[in-house]
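Read the structure below first, then the notes.
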Amino acid sequence: MSRYIVVGAGAIGGLLAAQWTLAGVHSILLARGVTFDAISERGIRVRRPHGDDLIRVNVVEDIQAAAPTSSDTIVLAVKAQDAEAAVAAIAWVPLADERGVVADLPILTLQNGLWAEGVALRRFDTVLGVSLGIPASHLEPGVIVSPAYPVIGAAWIGGYPRSLPGDEERHRAALAQAGFATAVEPNIAAAKRRKLIANLRNVVDVFAASRDEAERAEAALVEEARSIFEAAGLAVAPPPIDDVRLSIGDVPGHTPGRLSTWQSFARRTSNEVDFLSGEITRIARSIGAEAPLNAAVARTLGALGARGGGPDEIALPIEFDYDLLVGARESQRGR
117 MSRYIVVGAG AIGGLLAAQW TLAGVHSILL ARGVTFDAIS ERGIRVRRPH GDDLIRVNVV
177 EDIQAAAPTS SDTIVLAVKA QDAEAAVAAI AWVPLADERG VVADLPILTL QNGLWAEGVA
237 LRRFDTVLGV SLGIPASHLE PGVIVSPAYP VIGAAWIGGY PRSLPGDEER HRAALAQAGF
297 ATAVEPNIAA AKRRKLIANL RNVVDVFAAS RDEAERAEAA LVEEARSIFE AAGLAVAPPP
357 IDDVRLSIGD VPGHTPGRLS TWQSFARRTS NEVDFLSGEI TRIARSIGAE APLNAAVART
417 LGALGARGGG PDEIALPIEF DYDLLVGARE SQRGR
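The numbering of the sequence shown is my numbering, which starts it at 117 and goes up by one.
Next comes the structure, spelled out in structure tokens:
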């Protein structure tokens, strides 16, 4: 029997394990601490527009308890900043059927940013990147809000660093069983760069800013990121031909629109800004260029997280003032 071993029980991992359980796909979830306690005692509560589903999933606290075998697949569902530690913790654990170690299994990397595939490739031979678009949120252990239904999100999957046709199709089908609109992506690295550009909205969401300020800041960050990718000779995938339109409804008691980075700051947990704006900054520095806006975001939100700060506490960095002023003047001229 083959299984998906889902590492990480946040919004993505928890929802994926719940959806696979509902679909009859064999899976087991690795959770830690209070999240493990909550899920093992009560299951996963998925809050949807039409009501709540309480789903009992197979859950364990560590990879040894999952007793992985050579027919299993690892699904890395932790945040980008936790990918290295998570992969290091599982890679060299012996398989229960004595046919190798965990690193001999295929691994799906579900992280935002561009970091996780390289982390996995240091240990795993078969790596498939997955770029996700999903409106799920997670602010309480064992409770996930999923406002999209019946299609819960979109998933693009592709082998890394090269295509793996048989594996791609098999795992694409499994993601479809979980409720995703799915497609095989011929260049998953380019697709993840496309998603990284979209994720720059996440970092702006943390700041106290008016809608106009936020929109201008997002546009400036995106323009800067695109220019850095172009200067570095890194392709960005075009928008999908079949753009997925999710049906999103209101979930009672839930305020929609808060993105994953905002959720991390609200929980006062670690965040992935270093792997979003920080990644653009890293690429810029590696080619002798500058990305002052993304660097300012990474620095400012890094300091906010280090002191335990939360969302909506600080204004956009002063580096945005000039861009916002110029944008406002151009808008006035256009009237």
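We put the CB at the ideal spot given by N, CA and C, even for glycine.
By how many angstroms is the C-alpha of residue j removed from the C-alpha of residue i?
i    : j    : result
G282 : H166 : 37 Å
N410 : V338 : 9 Å
G149 : D437 : 43 Å
R423 : Q135 : 36 Å
S326 : R332 : 10 Å
G418 : A207 : 29 Å
A270 : I403 : 33 Å
S262 : R310 : 23 Å
V319 : E285 : 33 Å
V217 : S393 : 35 Å
A133 : R278 : 27 Å
G124 : W231 : 17 Å
Q227 : E200 : 11 Å
I434 : D428 : 16 Å
R398 : E157 : 43 Å
R163 : E406 : 43 Å
G130 : L145 : 7 Å
A400 : N303 : 22 Å
G365 : E214 : 47 Å
P222 : A347 : 33 Å
E177 : F152 : 7 Å
A139 : G421 : 38 Å
A336 : G249 : 22 Å
A382 : R161 : 20 Å
A412 : G425 : 17 Å
I344 : S143 : 40 Å
V175 : P257 : 13 Å
L237 : G274 : 14 Å
T416 : P408 : 12 Å
Y265 : S363 : 6 Å
G349 : D241 : 26 Å
S386 : D168 : 28 Å
L255 : V367 : 14 Å
T189 : R384 : 31 Å
D198 : A351 : 26 Å
P355 : D328 : 25 Å
Check the C-beta distance from residue i over to residue j and give it rounded, since I have them as a contact under 8 Å.
i    : j    : result
V141 : I179 : No, V141 and I179 are not in contact; Cβ-Cβ is about 19 Å, not under 8 Å.
I121 : A182 : 5 Å
Y276 : A305 : 7 Å
P184 : A212 : 6 Å
A324 : A414 : So it is not a contact: roughly 18 Å between Cβ atoms.
Hey, quick one: how far does the beta strand (DSSP E) through residue i stretch, first residue to last?
i    : result
H254 : S253 to E256
I155 : Element bounds for I155: not the beta strand (DSSP E) but the alpha helix (DSSP H), G149 to R158.
W231 : First-last for W231: undefined, no H or E at that position.
S247 : V243 to G249
T189 : T189 to L192
I273 : G269 to Y276
Grab me the residues of residue i's own chain with a C-beta within less than 7 Å of its C-beta, minus the 5 sequence neighbours each way, in chain order.
i    : result
G159 : L170, I171, R172 and V173
A196 : Q227, N228, G229, W231, A232, E388 and F391
N315 : N228 and L392
R239 : V203, A207 and A219
A69  : Residue 69 lies beyond the residue range present for the chain, which begins at 117 and ends at 451; the question has no answer from this structure.
Within the same chain, show all residues whose beta-carbon is closer than 8 Å to that of residue i, passing over the 5 residues directly before and after it, in chain order.
i    : result
R317 : E334 and L375
S253 : A127, I260, V261, H370, R374, S376 and Q379
D321 : A330, R374, L375, T377, W378 and P427
P251 : S262, P263, A264, G269, L362, I364 and P372
L85  : The first residue shown for the chain is 117 and the last is 451, placing residue 85 beyond what the model contains.
At which residues does the alpha helix (DSSP H) containing residue i begin and terminate?
i    : result
V338 : R327 to A348
I364 : I364 -> no alpha helix (DSSP H), and no H or E assigned at all.
S376 : S376 to R383
Q197 : Where Q197 is concerned, there is no enclosing alpha helix (DSSP H), given that its DSSP letter is neither H nor E.
G418 : P408 to A422
I403 : Looking at the DSSP string, I403 is not in any alpha helix (DSSP H), and its letter there is neither H nor E.
N318 : I304 to D321
Check the DSSP bridge columns for residue i and list the partner residues they point to.
i    : result
L292 : The residue asked about is misnamed: residue 292 is Ala in this sequence, not Leu. In the DSSP output, where bridge partners are listed per residue, A292 has none listed.
R163 : D168 and V261
T225 : L192 and G245
P210 : V217
S143 : Y120
A183 : For A183, which the question treats as bridged, DSSP gives no partner whatsoever.
A297 : A270
V175 : L145
For residue i, collect the residues of the same chain with a Cβ closer than 6 Å to its Cβ; drop the 5 residues on either side in sequence, then sort them by chain order.
i    : result
S187 : S118
A307 : S247, W272, E301 and A353
T298 : A271, R288, L291 and A292
I313 : V338 and A341
E395 : G229 and L230
V360 : A270 and A297
V191 : Y120, V122 and L224
Quick one: does residue i have its CB under 9 Å from some CB of chain B?
i    : result
L350 : Protein chain content of the structure displayed is limited to a single chain, and chain B is not contained in it.
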